[in-house]
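Colleague: Chains R and U are the protein sequences, given in the same order.
Count the first sequence with this note's numbering and you get residues 292 to 504, in order.
Count the second sequence with this note's numbering and you get residues 55 to 375, in order.
Ideal Cβ positions, reconstructed from N, Cα and C, are used throughout, including at glycine.
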Amino acid sequence: MTLAAASHGFLTPSGVEIAFLLVGLVTLGAAVVTVTTKQLVHAALWLVVALGGIAVEYLLLTAEFIAWVQVLIYVGSVVVLLLFGLMLTKAPIGRSPDADSGNRWAALLVALASAAVLVWVVVDAFRASWIDLDGAAQGSTEVSGRSLFQHWVLPFEALSVLLLAALVGAIVLSRRGGEDTPDGRAVPGNGHAAAPGAAASTGPDSARREGQR
Amino acid sequence: MSDTLAIVLRVLAVFVVFLVFPLVIGQTEHKVMAHMQGRLGPMYAGGFHGWAQLVADGVKFAQKEDIVPAGADRKIFQLAPAIALLPYLLVLIAIPVGPGNAVGQALDAGVFFVLAVMGVGVLGSLMAGWASANKFSLLGGLRTAAQLLAYELPMLLAAASVAMAAGTLSLPGILDAFHWWWVPWQIVGGLVFFTAGLAELQRPPFDMPVADSEIIFGAYTEYTGLRFALFLLAEYAGIVVLCALTAVLFLGGWHGPFGADGLGWLWMLLKTVVLAFVVIWLRVSYPRLREDQLQKLAWTCLIPLALAQIALTGVIKVVIS
Chain R
292 MTLAAASHGF
302 LTPSGVEIAF
312 LLVGLVTLGA
322 AVVTVTTKQL
332 VHAALWLVVA
342 LGGIAVEYLL
352 LTAEFIAWVQ
362 VLIYVGSVVV
372 LLLFGLMLTK
382 APIGRSPDAD
392 SGNRWAALLV
402 ALASAAVLVW
412 VVVDAFRASW
422 IDLDGAAQGS
432 TEVSGRSLFQ
442 HWVLPFEALS
452 VLLLAALVGA
462 IVLSRRGGED
472 TPDGRAVPGN
482 GHAAAPGAAA
492 STGPDSARRE
502 GQR
Chain U
55 MSDTLAIVLR
65 VLAVFVVFLV
75 FPLVIGQTEH
85 KVMAHMQGRL
95 GPMYAGGFHG
105 WAQLVADGVK
115 FAQKEDIVPA
125 GADRKIFQLA
135 PAIALLPYLL
145 VLIAIPVGPG
155 NAVGQALDAG
165 VFFVLAVMGV
175 GVLGSLMAGW
185 ASANKFSLLG
195 GLRTAAQLLA
205 YELPMLLAAA
215 SVAMAAGTLS
225 LPGILDAFHW
235 WWVPWQIVGG
245 LVFFTAGLAE
255 LQRPPFDMPV
265 ADSEIIFGAY
275 TEYTGLRFAL
285 FLLAEYAGIV
295 VLCALTAVLF
305 LGGWHGPFGA
315 DGLGWLWMLL
325 KTVVLAFVVI
335 WLRVSYPRLR
345 EDQLQKLAWT
355 CLIPLALAQI
365 ALTGVIKVVI
375 S
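#1: Can you pull the chain U residues whose beta carbon is under 7 Å from the beta carbon of A382 (chain R), in chain order?
#2: I need the straight-line Cα distance from A170 (chain U) to L161 (chain U), nearest angstrom please.
#3: Might you give, ordered along the chain, the residues of its own chain that have their beta carbon closer than 7 Å to the beta carbon of M209 (chain U), omitting 5 neighbours on each side?
#4: Using the Cα positions of K381 (chain R) and L245 (chain U), report the straight-line distance between them to the nearest angstrom.
#5: What residues in the region 127–139 of chain U have a beta carbon less than 8 Å from any beta carbon of chain R?
#6: Sorted by chain position, which residues of the same chain lie with C-beta nearer than 7 Å to R342 (chain U)'s C-beta, five sequence neighbours on each side aside?
#7: Three-state secondary structure (DSSP) at P151 (chain U)?
#8: Give the residues from the region 439–454 of chain R that approach chain U closer than 8 Å (Cβ to any Cβ), ordered along the chain.
#9: Taking only the alpha-carbon atoms, compute the straight-line gap between W353 (chain U) and A204 (chain U) and give it to the nearest angstrom.
#10: Under 9 Å between beta-carbons, which chain R residues line up against L177 (chain U)? List them in chain order, please.
#11: Using a C-beta to C-beta distance shorter than 7 Å, which residues of chain U count as neighbours of V360 (chain R)?
#12: Would you call the CB atoms of A301 (chain U) and T326 (chain U) closer than 8 Å?
#13: Considering just the uninterrupted stretch of the alpha helix (DSSP H) at Y290 (chain U), what are its terminal residues?
#14: Quick one: give me the first and last residue of the alpha helix (DSSP H) that E345 (chain U) is part of.
#15: Report the CB separation of F273 (chain U) from G195 (chain U) in whole angstroms; it is logged as a contact under 8 Å.
#16: Taking A189 (chain U) as part of the alpha helix (DSSP H), name the residues at either end of that continuous run.
#17: Count the other C-beta atoms from every protein chain shown that fall within 10 angstroms of the C-beta of H483 (chain R), then say buried if there are 16 or more, exposed otherwise.
#18: Which class does R437 (chain R) belong to by DSSP, given the choice of helix, strand or coil?
#19: Buried or exposed: which applies to E448 (chain R), given that a residue is buried once 16 or more other Cβ atoms fall within 10 Å of its Cβ?
#20: Kindly list, in the order they appear in chain U, the residues whose Cβ is closer than 9 Å to that of E355 (chain R).
#21: With DSSP as the reference, label K381 (chain R) as helix, strand or coil.
#22: Alpha helix (DSSP H) containing M322 (chain U): first to last residue?
#23: Would you say A365 (chain U) faces chain R, with C-beta separation under 8 Å as the test?
Take a look at the structure:
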């Protein structure tokens with residue numbers, strides 16, 4: 292990246308910049324449809340378009356590695372998980388009028404606030420720096436790996452601890468009703484003794500949550 | 055100009071491979087399965103040992119009426135076969151077939167590209183399963199999703215082991231770094247990768263999502279005509295991609311005991327075909343795994359094996375460097 296903002300004008304965009312803007316518009320549109328459509332599964336599929344659009348944006352910024360990871364993790368796994376969860380519910384074909392939540396204004400507020408924070412952070416971090424798209428790829432695997440494991444290794448490790456905590460938490464939550472699973476089998480090695488009534492009430496619920504996970 | 059021509063030629067070559075190889079494997083499956091079961095298989099279409107059977111099948115599929123069930127989600131139902139098929143075409147572009155520059159398009163993060171795009175294909179099955187408005191289809195879609203979630207991880211871990219050994223994520227780069235002793239070194243990872251790949255393609259013995267004796271044909275139950283043929287084509291294209299990838303990552307691709315410079319592509323072809331034969335062989339010889347057995351195999355067997363392979367790769371890599 293160079294600090295050569297002076298030589299770049301906003302009024303003489305290059306082809307890549309135009310493509311970036313257009314893909315950005317498509318991504319934004321898909322994201323808006325995702326949250327406004329009344330068809331549940333369509334929302335998940337529009338999410339695929341939005342996440343794929345972000346991957347294309349990464350590609351246009353020469354961050355090839357990040358782009359493929361985006362496809363692998365978000366399109367390939369997160370959306371599949373989401374669809375899996377949706378299929379466990381009724382997931383009706385056609386509109387579901389009761390899909391709207393009463394909290395939509397609060398949700399909009401939170402969304403706008405987090406968007407503002409993110410935009411502010413990005414703008415503050417990069418300001419007028421430009422990526423030279425014509426030179427050597429600056430987002431290649433090697434460059435990303437070096438910067439991740441040399442300069443940013445502490446946040447990386449902190450994140451991995453966070454993910455581990457989430458994983459352990461998920462396992463604990465899904466095993467809580469283990470003594471009283473619907474088919475009556477006890478989960479072996481579960482030393483946690485819940486009150487029988489509580490176990491009975493959380494049994495099917497936690498089984499469903501386990502399924503969605 | 056010559057650059058443009060070269061790109062067009064490459065894309066065209068990949069496209070021809072994409073159209074021809076799945077058919078060849080499909081025909082081989084017909085014949086190999088038949089002979090393993092003491093039958094003859096197709097004998098009439100085209101004259102010589104029924105070589106044109108799949109062409110005839112294609113013509114038949116094209117003539118059939120394209121039906122969309124009344125209760126189905128029309129657009130998604132019709133879009134699903136394309137989503138299932140196209141990723142495999144994209145993946146083929148990145149697979150190197152010979153030394154030098156014999157690859158559709160060399161990518162810096164090739165391993166990630168192929169695995170990421172292959173994972174997208176499953177969305178087609180999920181869309182088909184949901185949009186058909188059919189209980190069996192929905193069950194098939196559910197099983198597909200559960201299977202993908204279980205088998206994506208060991209596949210990635212096994213591929214990561216090879217990438218660690220080679221020190222690069224690019225597929226041609228991995229082949230350039232290859233030595234013959236990588237085969238025994240990475241053999242466990244290779245087996246995990248191949249098994250997980252079979253499960254991701256829903257090939258027997260992992261064909262629970264399309265188990266015909268239980269849920270008719272899973273997510274594809276409601277499909278007819280060309281769209282159904284596209285799903286079948288996706289399955290066979292998937293076999294080509296999986297076998298070629300296993301050959302590239304774990305068996306040295308175009309490397310061979312001799313003649314690697316001129317005949318590299320022949321070695322690659324040979325390895326791919328042998329692996330495809332194994333895929334067919336497994337279909338004939340193994341019974342279908344039950345859904346819980348399937349999950350258990352992935353989480354308690356394949357993932358620990360893949361992690362052990364990564365540990366082994368790391369240790370040996372440190373020792374020899």
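Modeller: Reading from the atomic positions:
#1: W184
#2: 13 Å
#3: L169, F247, A250, G251, E254
#4: 38 Å
#5: D127, I130
#6: P258, P259, D261, M262, A265
#7: One detail in the question is off: residue 151 (chain U) reads as Val in this sequence, not Pro. DSSP places V151 (chain U) in coil when its eight states are reduced to three.
#8: none
#9: 7 Å
#10: L336, V339, V366, G367, V370, V371, L374
#11: F166
#12: yes
#13: 279–304
#14: 345–350
#15: As written in the sequence, residue 273 (chain U) is Ala, which differs from the Phe given in the question. Between G195 (chain U) and A273 (chain U) the Cβ distance is about 5 Å, and since that is below 8 Å, they are a contact.
#16: Note on identity: in this sequence residue 189 (chain U) is Lys, with Ala being the wrong assignment. 189–220 is the extent of the alpha helix (DSSP H) around K189 (chain U).
#17: Residue placement at H483 (chain R) cannot be trusted, given a pLDDT of 42 that sits under 50; what the coordinates show is reported in the next sentence. With fewer than 16 other Cβ atoms within 10 Å, it is exposed.
#18: helix
#19: exposed
#20: L161, D162, A163, F166, F167
#21: coil
#22: 318–339
#23: no
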